[in-house]
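Position one of the sequence shown corresponds to residue 22 (the working numbering), numbered consecutively onward.
Don't be surprised by glycine CBs; every beta carbon is placed ideally from N, CA and C.
Since the structure is predicted, the reported quantities are computational estimates derived from the model, not experimental observations.
Notes follow once the structure below has been shown.
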Amino acid sequence: MIYDPFDPPTHEDPDAAFAQLREACPVHFNAEREFFTVADSGAITGILNDPATWSSRFRNGLSYHAPAAAPMLLDADPPIHSWQRRLLQKAWTPQLINALEPRVRQVVDALMDGVEAARSCDFHEAIAGPVPTLIIAEFIGVPDAHREQFRRWSDARVAGTAGMPGHEEAYAQASRAIDDYFIEHIADRRALIARGTAPDDFTTMVLTTEDAGRHLDDAEVGQVLALVLLGGIETTTMHLSNLLHRVVTEAGLAQRLRDDPGLLGIAVEESMRVDSPTLGLFRT
22 MIYDPFDPPT
32 HEDPDAAFAQ
42 LREACPVHFN
52 AEREFFTVAD
62 SGAITGILND
72 PATWSSRFRN
82 GLSYHAPAAA
92 PMLLDADPPI
102 HSWQRRLLQK
112 AWTPQLINAL
122 EPRVRQVVDA
132 LMDGVEAARS
142 CDFHEAIAGP
152 VPTLIIAEFI
162 GVPDAHREQF
172 RRWSDARVAG
182 TAGMPGHEEA
192 YAQASRAIDD
202 YFIEHIADRR
212 ALIARGTAPD
222 DFTTMVLTTE
232 DAGRHLDDAE
242 VGQVLALVLL
252 GGIETTTMHL
262 SNLLHRVVTE
272 AGLAQRLRDD
282 PGLLGIAVEE
292 SMRVDSPTLG
302 LFRT
């Protein structure tokens, strides 16, 4: 068999493609694109637990990337990755996340009011995209005027990361624009922190949190903010759309959720498992 993630039938039914891989060729080499796909759970666990052999530092994607100048989480290996996780767990507190709920409800209610008035919508464009874009941008302190630009940068970065042909230049341009934006954003925020007038958001928390006597430097902070903003927008957008698709296409599911709203939390968790917006990880 030949497995190609860009093949239209694979896009239409990735679960069937993965099932065929597991059965026929759990370690598969695509000669045309020069990458391996591993579909065996035991082998995957072994790879993820062996960063000395299978490294994250060459970054995500099917195309080769030089190691990042400031490796951060997704493109960092232990012990750097372990230290970064400890530090960010101090900044990314449950209290900080729980405090977002009233604003999330406010944003969703406002968007749904618009849908109700129009009587119909493209859910992906009207709800699934705007909700994480607005909330995550506010979370890190991006002004309203810049939020839709970040959505476009996010789309370009994801297409490039996936290795989709023809997206290399758009990926590079979006990456440079994001880096430039956060250099200025971080400098402005450090000035506010020095004056004692910084807002109490995630950017401030990351800049002021330390672990083992060390703070993240500006390049590392920029990578964190880009990861939260771009990764959070795309994955949440896809998850919301996947969840709604599952609810309206699986017989009886919508009615079960109406009859027992207590199942909604389970539905969200199960959607992330069976309809994950992320279908693979990359190692080199």
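For the set Asp232, His260 and His206, the Cα lying nearest the Cα of proline 220 is the one of His206.
Under the DSSP definition of a beta bridge, phenylalanine 50 partners with Phe57. Taking C-beta atoms as the reference points, serine 175 and leucine 94 fail to come closer than 8 angstroms.
Scanning Val269, Gly234 and Leu261 for the CA closest to the CA of glutamine 105 turns up Gly234. As DSSP reads the structure, aspartate 232 sits in a beta bridge with Arg235. Taking the Cα of lysine 111 as reference, the smallest distance to any Cα among Arg197, Thr225, Ala97 and Pro123 is reached at Thr225.
Taking C-beta atoms as the reference points, alanine 158 and arginine 173 fail to come closer than 8 angstroms.
At a Cβ-Cβ threshold of 8 angstroms, threonine 299 and threonine 230 do not count as neighbours. For asparagine 81, there is no enclosing alpha helix (DSSP H), as DSSP marks it with neither H nor E. Per DSSP, aspartate 71 lies in no alpha helix (DSSP H) segment and is marked neither H nor E. Nearest in C-alpha terms to serine 297, of all of His260, Ile214, Val129 and Asp281, is His260. In terms of Cα proximity to serine 62, the closest of Asp134, Val48 and Ala240 is Val48.
For tryptophan 113, no alpha helix (DSSP H) segment is defined, and its DSSP state is neither H nor E.
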